[in-house]
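This report concerns only the one structure given below.
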Amino acid sequence: MKVMVLGKATERSEAGEFGTAEEFAAMDLFNEQLVEAGVVLAGDGLQPTSKGKRVAFDADGNTTVIDGPFAETKELVAGYAIWEVASMDEAVEWVKRSPLRDSEVELRKILDAEDFDDSFGAEIAAAEQQLRTEPAANQ
Amino acid sequence: MTSATQQAIDAVWRIESARLIAGLARIVSDVGLAEDLAQDALVAALEQWPESGVPDNPGAWLMAVARRRGVDTIRRAVTLQSKVELLGRELSDHETPMDEIEFDPHVEDDVLRLMFTACHPVLSVEARVALTLKMVAGLSTEEIARAFLVKTTTMAARITRAKKALTEANVPFEVPVGEELADRLSSVLEAVYLVFNEGYTATAGEQWARAELCQEAMRLGRMLAALAAGESETHALVALMEIQASRLRARTGPDGEIVTLDKQDRARWDRLLITHGLATLDRAEEIGGTGSYAIQAKIAACHARAPRAEDTDWVRIASLYGDLVALTRSPIVELNRAVAVSMADGPAAGLAVTDGLLDVAALRNYHLLPSVRGDLLAKLGRSMEARAEFERAAELTSNEAERAHLLARASGS
Chain A
4 MKVMVLGKAT
14 ERSEAGEFGT
24 AEEFAAMDLF
34 NEQLVEAGVV
44 LAGDGLQPTS
54 KGKRVAFDAD
64 GNTTVIDGPF
74 AETKELVAGY
84 AIWEVASMDE
94 AVEWVKRSPL
104 RDSEVELRKI
114 LDAEDFDDSF
124 GAEIAAAEQQ
134 LRTEPAANQ
Chain B
64 MTSATQQAID
74 AVWRIESARL
84 IAGLARIVSD
94 VGLAEDLAQD
104 ALVAALEQWP
114 ESGVPDNPGA
124 WLMAVARRRG
134 VDTIRRAVTL
144 QSKVELLGRE
154 LSDHETPMDE
164 IEFDPHVEDD
174 VLRLMFTACH
184 PVLSVEARVA
194 LTLKMVAGLS
204 TEEIARAFLV
214 KTTTMAARIT
224 RAKKALTEAN
234 VPFEVPVGEE
244 LADRLSSVLE
254 AVYLVFNEGY
264 TATAGEQWAR
274 AELCQEAMRL
284 GRMLAALAAG
294 ESETHALVAL
304 MEIQASRLRA
314 RTGPDGEIVT
324 LDKQDRARWD
334 RLLITHGLAT
344 LDRAEEIGGT
354 GSYAIQAKIA
364 ACHARAPRAE
374 DTDWVRIASL
384 YGDLVALTRS
394 PIVELNRAVA
404 VSMADGPAAG
414 LAVTDGLLDV
424 AALRNYHLLP
434 SVRGDLLAKL
444 GRSMEARAEF
454 ERAAELTSNE
464 AERAHLLARA
474 SGS
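So the sequences go chain by chain: A and B. Our numbering applies: residue 4 is where the first sequence begins, and numbers increase by one. Our numbering applies: residue 64 is where the second sequence begins, and numbers increase by one.
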């Protein structure tokens, strides 16, 4: 299964600091281990939210664009990775091996077929079918 | 025992077992013994961790226990005196908690040695597969047996025999060099790809346990690509597996039937695997990209890059099959080339390629030859000949569903 690994922001990451050379080296070593274990599918760091945008939708679908930075630093994301692992426990064990300090990592399973029961699956299939047939009918 | 601890131990085992067994094998020079010692350490963890909690550095804990068991075991075997001294020395060097297990650069080399040893050509490919899944992927014997649809006792016997065969053949724990490397590497890649295909060709009903095999194979392949990064074919095999696996969701219909590539809903393809697979193929091509896995990955990539089936670059696929035929001399690959040529240049051109296969002994009883010819003849409007080919194909296949399908086509021609 695939797990999305969300590295939460800190005051330092939000200030655009990259960390010390030692921290960098330790993180590199950790990432190397993950690659050598065949776990990594994707991953990158993100710029601070001061350079980010949010797009909000109201009930009618009207949009408002909000410029960063955003509040609630601890809830923001500073980096992400996608891992392929056998279980959520395996992802947790890997995160524990990370050299991070004073930080938090959130793990979220990426939805796959086993997360949908049959009825939901049928509904989606029906909806998709409709999406596909509608444009043709309108021509 | 709480199931939470059990799950944590499973997770630790999955992460640590290969490095643990590999590190032990370097010390005791016997992968079979190393694996036994690692299993002993796992049993100790299962006994103690539910009480004590999972230690902060579980890998170091397991290694320390396994080494202690190793000393005990070897002390009993007098003839291995020198190894006791070696073990004793290593043990006293590292009595404090051992961060080096995670950060010792040699450990990763050891894992590569372990993969080469588990896939040594003295073993049958089935034995290589079983040992690799057991020692490198960290699966239990029960899990491997379930995935390969055999009894646990059968799989356990296979693993025991394989370990014994390695010991008897005195297989050294090392990564081969020079001319030997290419052969030994293909022996490893073959085993990994076999694991993948066991999962990929699974039919409905047995699907779940076996789809896991695809993931195990991709994980093993990525490990190998990271550890033997200079070898083009390791990257190529990863690319091939990832691009094929990207279609897993799209290739079975609601009743478990196989959906062919041209009819798959491409929106259901796994974009992340395709992206990773194509990037891995680029890596393979940078340092080579002329081997058999590379050519197969390039063919898979042609499909992955086509937004719709009709956008497929069949001219390139036909040419790549030409390269693959030149490399493998396989008549089955030539038959695939015929199909690609028919897509690129029309059914008559494809049929002409199959004409060259009619006298090949290896294909005399191969149902796909008349099946392909029937299809091409039908497209050319030569229905009498098409019918004869479909009937012949139906006679040759051992699969009932396929026979019914072929007979239906015969009566429709």
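Glycine residues also receive a C-beta, built at the ideal position from the N, C-alpha and C atoms.
Inset, instruction - Return the bridge partner residues of A:I69 from the DSSP annotation. - result: A:R57
Inset, instruction - For the segment 222-230 of chain B and the segment 287-305 of chain B, state whether three or more C-beta atom pairs, one from each stretch, are separated by less than 8 angstroms. - result: no
Inset, instruction - Using DSSP bridges, identify the partner residues of A:Y83. - result: According to DSSP, residue pairing for A:Y83 in a beta bridge involves A:L9 and A:D47.
Legend entry - Touch test, the segment 238-255 of chain B against the segment 104-117 of chain B, Cβ-Cβ under 8 angstroms, three pairs minimum: no
Legend entry - Runs of beta strand (DSSP E) wholly within the segment 93-122 of chain A (minimum 3 residues, chain order): 108-112
Inset, instruction - Compute the Euclidean distance between the alpha carbons of A:M4 and A:I69, then round it to the nearest angstrom. - result: Roughly 34 angstroms between the two C-alpha positions.
Inset, instruction - Output the distance between the C-alpha atoms of A:W86 and A:A116, rounded to the nearest integer angstrom. - result: 17 angstroms
Inset, instruction - Can you grab the Cα-Cα spacing for the pair A:M7 / B:L420, in whole Å? - result: 50 angstroms
Inset, instruction - Using beta-carbon positions only, say whether B:A280 and B:V258 come within less than 8 angstroms of one another. - result: yes
Inset, instruction - Please confirm if A:G41 has its CB atom under 8 angstroms from at least one CB of chain B. - result: yes
Inset, instruction - Given a cut-off of 8 angstroms, decide if B:I84 and A:E96 are closer than it, judged by their beta-carbon atoms. - result: no
Inset, instruction - Kindly indicate which three-state DSSP category B:D156 falls into: helix, strand or coil? - result: Any reading at B:D156 is ruled out, since the residue's pLDDT is 49, under 50, leaving its predicted position unreliable.
Legend entry - Separation of A:D118 from B:M286, as counted between CA atoms: 28 angstroms
Inset, instruction - Indicate whether the contact test is met: 3 or more Cβ pairs, each with one atom in the segment 398-409 of chain B and one in the segment 428-447 of chain B, closer than 8 angstroms. - result: yes
Inset, instruction - Could you tell me the distance, in whole angstroms, from the CA atom of B:N202 to the CA atom of B:G475? - result: Reading the sequence as shown, one finds Leu at residue 202 of chain B and not Asn. So the alpha carbons of these two residues sit roughly 49 angstroms apart.
Inset, instruction - Kindly list, in the order they appear in chain A, the residues whose Cβ is closer than 7 angstroms to that of B:Q327. - result: Within chain A, no residue comes near B:Q327; the closest Cβ sits about 14 angstroms away, beyond 7 angstroms.
Inset, instruction - Determine, using beta carbons only, whether A:V95 comes closer than 8 angstroms to chain B. - result: yes
Legend entry - Short CB-CB distance (under 8 angstroms) between B:G268 and chain A: Note that B:G268 scores 46 on pLDDT, short of 50, meaning its location in the model is unreliable; the coordinates nonetheless yield the value given after this. Cβ-Cβ to chain A under 8 angstroms: no for B:G268.
Inset, instruction - Determine the direct distance from the alpha carbon of A:L44 to that of B:L335, and round the result to whole angstroms. - result: 8 angstroms
Legend entry - CA-to-CA distance, A:D105 to A:E20, given in whole angstroms: 14 angstroms
Legend entry - Under 8 angstroms between C-beta atoms of B:V91 and B:G133: yes
Inset, instruction - Using only alpha-carbon positions, find the residue among B:L105, B:L109, B:A88 and B:A220 that is nearest to B:F179. - result: Considering only alpha carbons, the answer is B:A88.
Inset, instruction - Would you kindly check if the distance between the Cβ of B:L276 and the Cβ of B:E261 is under 8 angstroms? - result: Against a cut-off of 8 angstroms, the Cβ pair of B:L276 and B:E261 comes out as a contact.
Inset, instruction - Determine which residues share a DSSP beta bridge with B:I321 and list them. - result: Answer is B:T315, bridged to B:I321.
Inset, instruction - Can you give me the Cβ contacts of B:I380 inside the same chain, cut-off strictly under 6 angstroms, excluding the 5 residues immediately before and after it? - result: I362, C365 and A403
Inset, instruction - Evaluate contact between the segment 311-323 of chain B and the segment 69-80 of chain A, counting only Cβ atoms and requiring at least three cross-stretch pairs below 8 angstroms. - result: Taking 8 angstroms as the limit for Cβ pairs, the verdict is that the segment 69-80 of chain A does not touch the segment 311-323 of chain B.
Inset, instruction - Reducing DSSP to helix, strand and coil, say where B:N399 ends up. - result: helix
Legend entry - Spatially closest choice to A:M91 from B:V75, B:A123 and B:L105, by CA coordinates: Of the candidates B:V75, B:A123 and B:L105, the one whose C-alpha sits nearest the C-alpha of A:M91 is B:V75.
Inset, instruction - For B:V128, decide whether its Cβ has a neighbour in chain A, counting only Cβ atoms nearer than 8 angstroms. - result: no
Inset, instruction - Return yes when the C-beta of B:L431 is under 7 angstroms from any heavy atom of the ligand NAD, and no when it is not. - result: No copy of the ligand NAD appears in this structure; indeed no ligand is present at all.
Inset, instruction - Kindly say whether A:A116, judged by its beta-carbon, lies nearer than 8 angstroms to any beta-carbon of chain B. - result: yes
Inset, instruction - Go ahead and label B:L341 buried or exposed: buried means 16 or more other beta carbons lie within 10 angstroms of its beta carbon, across all protein chains shown. - result: buried
Inset, instruction - Give the straight-line distance between the Cα atoms of B:G444 and A:A89, rounded to the nearest whole angstrom. - result: Taking the straight line from one Cα to the other gives about 51 angstroms.
Inset, instruction - Could you list the residues in the segment 61-91 of chain A with a C-beta less than 9 angstroms from some C-beta on chain B, going in chain order? - result: I85, E87, V88, A89, S90 and M91
Legend entry - A:R111 versus B:V94: straight-line alpha-carbon distance, rounded: 37 angstroms
Legend entry - Residues that B:L71 contacts on chain A, provided the C-beta gap is smaller than 9 angstroms: One detail in the question is off: residue 71 of chain B reads as Ala in this sequence, not Leu. Per Cβ cutoff of 9 angstroms: D92, V95 and E96.
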